[in-house]
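Position one of the sequence shown corresponds to residue 846 (this note's numbering), numbered consecutively onward.
To start, the structure itself, in structure tokens.
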Amino acid sequence: MIRVCQDCSVCQSVYKISYILQMQLTFQTLWQKIKLPFRQGLSRNQIAKAIIVSLLVTVLPIFGVTTILLTFLAVKFKLNLPIMVAVGYTATPLQYIFFIPFIHVGETIFNTKHTLLTVIEIKNAFESSFFHTIKQLVFELVCGVSGWVVLALPIALMSIMLINKIYISKNETI
């Protein structure tokens, strides 16, 4: 801290200027930290991976976890978070479209038939037994996630491998 004379206006002016410069430096450092996620992952390869990963996570048949998972994956794999969130929000209707088909694929995997796929069936089940209904709904989610793992995950992994192969072959020819 700079020692300031009480009566000296020059010292007070110098102190004010140094304080302003210090605040400006702090603001610039903070601004750089804010800009970093927007600038990371901007190569063609990384943007393509960010889009594929965000589409994969968006169609996951569990509602409400998309943004949290996208944030975690963007930080972990240094992908572009704003692109991933934008693609995720844009592709949210796909989650609703693929929800029932993923459950049907999971039911095929577990060799069972669906139990609670309409609002009326869920309402009637809750009236008879709350905990049994919760158990059935959790099983439906397990079937949905199983269907997602069997269908969406391999497609996304193959797409990422294909993009890596294309990216590597283009870099070798340059």
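C-beta: ideal position from N, C-alpha, C; glycine also.
When burial is assigned at 16 or more other CB atoms within 10 Å of the CB, is residue i buried or exposed?
i, result
"Gly909", "exposed"
"Cys853", "exposed"
"Ile896", "buried"
"Met868", "exposed"
"Ser1014", "exposed"
"Leu1007", "exposed"
"Phe944", "buried"
"Leu915", "buried"
"Thr978", "buried"
"Thr1018", "At Thr1018 the pLDDT is 47, less than 50, meaning the model places this residue with poor confidence and gives no usable figure here."
For residue i, name the three-state secondary structure that DSSP assigns.
i, result
"His959", "coil"
"Lys923", "coil"
"Leu1002", "helix"
"Phe944", "helix"
"Pro938", "helix"
"Ile907", "coil"
"Leu881", "helix"
"Leu887", "coil"
"Ser991", "helix"
"Ser974", "coil"
Anyone know if the C-beta pair for residue i and residue j falls short of 8 Å?
i, j, result
"Ala936", "Thr903", "yes"
"Thr911", "Leu905", "yes"
"Lys894", "Leu924", "yes"
"Ser899", "Met929", "yes"
"Ala997", "Leu901", "yes"
"Gly992", "Val950", "yes"
"Thr960", "Gln940", "no"
"Val995", "Ile954", "yes"
"Ile907", "Leu986", "yes"
"Cys988", "Glu952", "yes"
Are any of the Cβ atoms in chain B nearer than 8 Å to that of residue i?
i, result
"Lys980", "Protein chains in the displayed structure number just one, and chain B is not present."
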